[in-house]
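Scroll down for the structure; my scribbles are underneath it.
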Amino acid sequence: MRNPLSDKVVTIKPSGIRKFFDIASEMKDVISLGVGEPDFDTPWHVRDEGIYSLEKGRTFYTSNSGLKELREEISHYLRRRYQLQYDPLHEILVTVGGSEGIDIALRAMLNPGDEVLIPEPCYVSYLPCVVLADGVPVTIELKEENEFRLTKEELLEKITDKTKILVLPFPNNPTGAVLRREDLEAIAEVVIEHDLFVLSDEIYSELTYGEDHVSIASLPGMWERTLTINGFSKSYAMTGWRLGYICGPKEIVEQMTKIHQFAIMCAPTTAQYAAVEALRNGDDDVAMMREAYNQRRRFLMHEFARMGLKCFEPFGAFYVFPSIKEFGLSSDEFAMRLLEEEHVAVVPGTAFGECGEGFLRISYAYSIDALKAALARMERFINRLRARD
Amino acid sequence: MREQILTFLEKNSKIDLHELAIMLGSSEAVIANEVAKMEEEQVICGYHTLIDWEKTSSEKITALIEVRVTPQRGQGFDSIAERIYNYPEVQSLYLISGAYDLLVILQGKTLREVSSFVSDKLSTLDSVLSTATHFILKKYKDYGTILGTKAKDERMLVTP
Chain A
1 MRNPLSDKVV TIKPSGIRKF FDIASEMKDV ISLGVGEPDF DTPWHVRDEG IYSLEKGRTF
61 YTSNSGLKEL REEISHYLRR RYQLQYDPLH EILVTVGGSE GIDIALRAML NPGDEVLIPE
121 PCYVSYLPCV VLADGVPVTI ELKEENEFRL TKEELLEKIT DKTKILVLPF PNNPTGAVLR
181 REDLEAIAEV VIEHDLFVLS DEIYSELTYG EDHVSIASLP GMWERTLTIN GFSKSYAMTG
241 WRLGYICGPK EIVEQMTKIH QFAIMCAPTT AQYAAVEALR NGDDDVAMMR EAYNQRRRFL
301 MHEFARMGLK CFEPFGAFYV FPSIKEFGLS SDEFAMRLLE EEHVAVVPGT AFGECGEGFL
361 RISYAYSIDA LKAALARMER FINRLRARD
Chain B
390 MREQILTFLE KNSKIDLHEL AIMLGSSEAV IANEVAKMEE EQVICGYHTL IDWEKTSSEK
450 ITALIEVRVT PQRGQGFDSI AERIYNYPEV QSLYLISGAY DLLVILQGKT LREVSSFVSD
510 KLSTLDSVLS TATHFILKKY KDYGTILGTK AKDERMLVTP
């Protein structure tokens, strides 16, 4: 029989998170700090709108780009929150989660051999999606001493004449790092000078705990060379609804729409109706959840300081990224032993790129009580490791 | 700051002030001071426990009583309200807009106890014109808390 598989797909490694999931799922009393989604339920008024749309029999396809009503609300929202101007008719495409946006953007823009700059540690999808789109991923190692921000120098170092796209995933999963306006301005200058495009994944934009998030497309000269990805998963606690959107210049959105049209057809209709309600009446929910995350963030930072665990203070998303270098274990070993010995699941930093070695991703999308219980076990583990030395 | 403290205490009056201070990015002394002031000013009027009496062996019965009254000259509803709320079996008393004036929430041990309160004490007050009594059959949610269910985390244990 012939080889049934694509060589390209076979070369792609499965996500490193899988292993931990499999082991943790077998254990009975695991406390997990490994989840990358909100612990809140979708606000009831949003769920209710989804239910209502089902009751009304709105179970048809929507237009490929998404409900017009929804695209208009997205347009309003981006204008009022991030000073972004997108025409709902031609410049906004509703996708199946933010992740579809990553995939179709790269497929619509890359020619074989084009290089894509990916700052790491980062979310697990960018690199394989670049490979699947025949691009060449080029990673940029972000550094703890810069609080995992992307600097102009780091960017310049990796640019070649083949570089086409810079992926900009901030606020960042897994580090919780954010970019301030001045960081973005420095990056924008380089991007414009080298005629690059930016794929800005802003899925955590509502979850910042210092200054408000700044969208790079709102900076002068950047709109025409930026695709902005956002969605409902993190801000409105709607992960399971699978709904996001990607916005950019008409000429790129048109091509992405073709891929979306033939591969997906349209995003789930029920989710789209619910999302309209979220954008119209969900500001208070977002503020409530942001405040709750911020309180847990402060709590974790305080506890890590007390335990003597080194950790830079992150101001975005719902992750902290403490260093475990003092223990002389790899991230993978540390996480595995923590899981086996104390039944606490965390994700090793290396799941998000090699430069995540020496770090752990700890999610605070958990109640304070759950965090407390997990930290007590973690402290016991750390003390054991330290006593051994 | 006050509002944030109150939001926490309203949900959990047992919260550790040290912990609360960390979460709010403040210090324990500041929080404790603010709480003391609010107790003094009667912004915080008490600390109670939400109990699902259904799960205990003790018999309790709760009634909502709508009361129509004639307001008294110079006093409005306050004086009749005072006469009613002084009964210890009255849990809550609200002045209401609409078809009736006062809503009495009454807790008693038996149906007889509640009905005798209505017929002997409440209805006989001079300014009371009429009453309508409703018994609570089941409490689903009280003070923002859904009774009897414990939320379970059904998310996958590890996700990217």
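In order, the protein sequence lines correspond to chains A and B.
Sequential numbering from 1 applies to the first sequence in the numbering used here.
Sequential numbering from 390 applies to the second sequence in the numbering used here.
We put the CB at the ideal spot given by N, CA and C, even for glycine.
Predicted model, so just to flag it, every value in this text is computed and none were measured.
I'd like the span of the beta strand (DSSP E) that includes Ser416 of chain B, first residue to last.
Taking the first residue of the second sequence as 1, we reach residue 416 of chain B at position 27. Per DSSP, Ser416 of chain B belongs to no beta strand (DSSP E) and is neither H nor E.
Do you know how far the Cα of Phe318 of chain A is from the Cα of Ala292 of chain A?
Stepping through the first sequence from its first residue, residue 292 of chain A is reached at position 292. Stepping through the first sequence from its first residue, residue 318 of chain A is reached at position 318. Roughly 10 Å separates the two Cα atoms.
Taking only beta-carbon positions, decide if Val547 of chain B is within less than 8 Å of chain A.
Mapped onto the second sequence, residue 547 of chain B falls at position 158. So yes, Val547 of chain B belongs to the interface.
Interface residues of the stretch 477 to 503 of chain B facing chain A [CB-CB below 9 Å]:
none
Proximity of Thr520 of chain B and Val456 of chain B at Cβ, strictly below 8 Å
The sequence position of residue 520 of chain B within the second sequence is 131, counting from 1. The sequence position of residue 456 of chain B within the second sequence is 67, counting from 1. Yes; because the gap between Cβ atoms is below 8 Å, this pair is in contact.
At a Cβ threshold of 8 Å, is Gly231 of chain A touching chain B?
Against the first sequence, residue 231 of chain A aligns to sequence position 231. Interface with chain B (8 Å Cβ-Cβ cutoff): Gly231 of chain A is excluded.
is_contact[Arg81 of chain A, chain B] using C-beta, thresh 8 Å:
Taking the first sequence and counting its residues from 1, the one referred to as residue 81 of chain A is at position 81. Arg81 of chain A does not count as touching chain B.
Count the C-beta pairs between the stretch 101 to 113 of chain A and the stretch 140 to 160 of chain A that are closer than 8 Å, then say yes if the count reaches three, no if not.
In short, these stretches do not touch, since the Cβ pair count stays below three.
Thinking C-beta only, is Val116 of chain A closer than 8 Å to Gly97 of chain A?
Taking the first sequence and counting its residues from 1, one reaches residue 97 of chain A at position 97. Taking the first sequence and counting its residues from 1, one reaches residue 116 of chain A at position 116. In this structure, Gly97 of chain A lies away from Val116 of chain A, with their beta-carbon atoms at least 8 Å apart.
For a quick check, are the C-beta atoms of Pro220 of chain A and Leu243 of chain A less than 8 Å apart?
The sequence position of residue 220 of chain A within the first sequence is 220, counting from 1. The sequence position of residue 243 of chain A within the first sequence is 243, counting from 1. Their beta carbons are not under 8 Å apart, which means Pro220 of chain A does not touch Leu243 of chain A by this criterion.
One or two residues paired with Ala521 of chain B in a DSSP bridge:
Here residue 521 of chain B is taken as the residue at index 132 of the second sequence, counted from 1. Note: Ala521 of chain B sits in a beta bridge opposite B:Glu455.
Interface partners of Glu115 of chain A on chain B, CB under 8 Å
The residue labelled residue 115 of chain A in the question sits at position 115 within the first sequence. Correct list: empty, because the minimum Cβ distance to chain B is about 24 Å.
Alpha helix (DSSP H) containing Asn281 of chain A: first to last residue?
The sequence position of residue 281 of chain A within the first sequence is 281, counting from 1. Note, Asn281 of chain A: alpha helix (DSSP H), 269 to 281.
How many whole angstroms separate the CB atoms of Leu518 of chain B and Arg472 of chain B, which I take to be in contact at a CB cut-off of 8 Å?
Translated into the one-based positions of the second sequence, residue 518 of chain B becomes position 129. Translated into the one-based positions of the second sequence, residue 472 of chain B becomes position 83. Not confirmed; about 15 Å, so no contact.
Report the three-state DSSP secondary structure of Lys444 of chain B (helix, strand or coil).
As a first step, residue 444 of chain B is located in the second sequence; it is residue number 55 there, counting from the start. Helix.
To test your reading of the DSSP string, which unbroken alpha helix (DSSP H) runs of 4 or more residues are found completely within the stretch 40 to 92 of chain A?
44 to 55, 68 to 82
Take Gly210 of chain A and list the residues in its own chain whose beta-carbon comes closer than 8 Å to its own, dropping the five residues that flank it on each side.
Indexing the first sequence from 1 puts residue 210 of chain A at position 210. Here the set comprises Val178, Phe315.
Chain B contacts from the stretch 14 to 25 of chain A (Cβ-Cβ distance under 8 Å):
Ser15, Ile17, Phe20, Phe21, Ala24, Ser25
Report buried or exposed for Val124 of chain A, applying the criterion of at least 16 other Cβ atoms within 10 angstroms of its Cβ.
Within the first sequence, the letter at position 124 stands for residue 124 of chain A. The residue is buried, with at least 16 neighbouring Cβ atoms inside 10 Å.
My output table needs one value for Cys355 of chain A: the three-state DSSP class, helix, strand or coil.
Taking the first sequence and counting its residues from 1, the one referred to as residue 355 of chain A is at position 355. The answer is helix: DSSP assigns Cys355 of chain A an H, G or I state.
Mapping the DSSP letters down to three states, classify Tyr474 of chain B as helix, strand or coil.
Translated into the one-based positions of the second sequence, residue 474 of chain B becomes position 85. Helix.
By Cβ distance below 6 Å, which residues in the same chain neighbour Ser15 of chain A in space, the five residues on each side in sequence not counted?
Residue numbering aside, residue 15 of chain A sits at position 15 when the first sequence is read from its first letter. Correct list, in chain order: Val124.
Within chain A, partners of Leu634 of chain B - CB distance below 8 Å
Missing from the structure shown is residue 634 of chain B; chain B here goes from 390 to 549 and no further.
Does the stretch 390 to 408 of chain B touch the stretch 354 to 366 of chain A, meaning 3 or more C-beta pairs lie closer than 8 Å?
With the cut-off at 8 Å, the stretch 354 to 366 of chain A and the stretch 390 to 408 of chain B do not touch.
Mind checking if Arg391 of chain B is an interface residue toward chain E, Cβ cutoff 8 Å exclusive?
Absent here is chain E; the protein component of the structure consists of chains A and B.
Need the endpoints of the alpha helix (DSSP H) that Thr396 of chain B sits in, please.
Indexing the second sequence from 1 puts residue 396 of chain B at position 7. Start and end: 391 to 400.
When you check each C-beta in the stretch 520 to 547 of chain B against every C-beta of chain A, which residues fall closer than 8 Å?
Across the stretch 520 to 547 of chain B, CB contacts with chain A closer than 8 Å involve Asp542, Arg544, Met545, Leu546, Val547, in sequence order along the chain.
Buried versus exposed, by CB contacts within 10 Å (16 or more), Arg298 of chain A:
For the purposes of this step, residue 298 of chain A is taken as the residue at position 298 of the first sequence. That one is buried.
Assign Thr226 of chain A to one of three DSSP states: helix, strand, or coil.
Here residue 226 of chain A refers to the residue found at position 226 when the first sequence is read from its first residue. It is a strand residue.
Opposite Leu492 of chain B in the DSSP bridges: which residues?
Taking the second sequence and counting its residues from 1, the one referred to as residue 492 of chain B is at position 103. Leu492 of chain B is bridged to B:Glu455, B:Tyr483.
Buried versus exposed call for Pro348 of chain A [16 or more other C-beta atoms within 10 Å across all chains shown]:
For the purposes of this step, residue 348 of chain A is taken as residue 348 along the first sequence, with counting starting at 1. Per the 10 Å Cβ criterion, buried.
In whole angstroms, what separates the C-alpha of Ala263 of chain A from that of Ile102 of chain A?
What you label residue 263 of chain A is simply residue 263 of the first sequence in a count that begins at 1. What you label residue 102 of chain A is simply residue 102 of the first sequence in a count that begins at 1. Answer to the nearest angstrom: the Cα atoms are 14 Å apart.
What span of residues does the beta strand (DSSP E) with Pro137 of chain A cover, start to end?
Taking the first residue of the first sequence as position 1, residue 137 of chain A is located at position 137. Looking at the DSSP string, the run of the beta strand (DSSP E) that includes Pro137 of chain A is 136 to 141.
Does the pairing of the stretch 337 to 345 of chain A with the stretch 20 to 39 of chain A give three or more beta-carbon distances under 8 Å?
Segment contact: the stretch 337 to 345 of chain A against the stretch 20 to 39 of chain A, three or more CB-CB distances shorter than 8 Å; contact assigned.
Which of helix, strand or coil does DSSP assign to Leu199 of chain A?
Numbered from 1 along the first sequence, position 199 holds the residue referred to as residue 199 of chain A. If DSSP states are grouped into helix, strand and coil, Leu199 of chain A belongs with the strands.
Could you pull out every residue in the same chain whose Cβ sits closer than 7 Å to the Cβ of Leu54 of chain A, ignoring the five residues on either side in sequence?
Locating residue 54 of chain A in the first sequence gives position 54, counting from the first residue. Cβ within range, chain order: Thr270.
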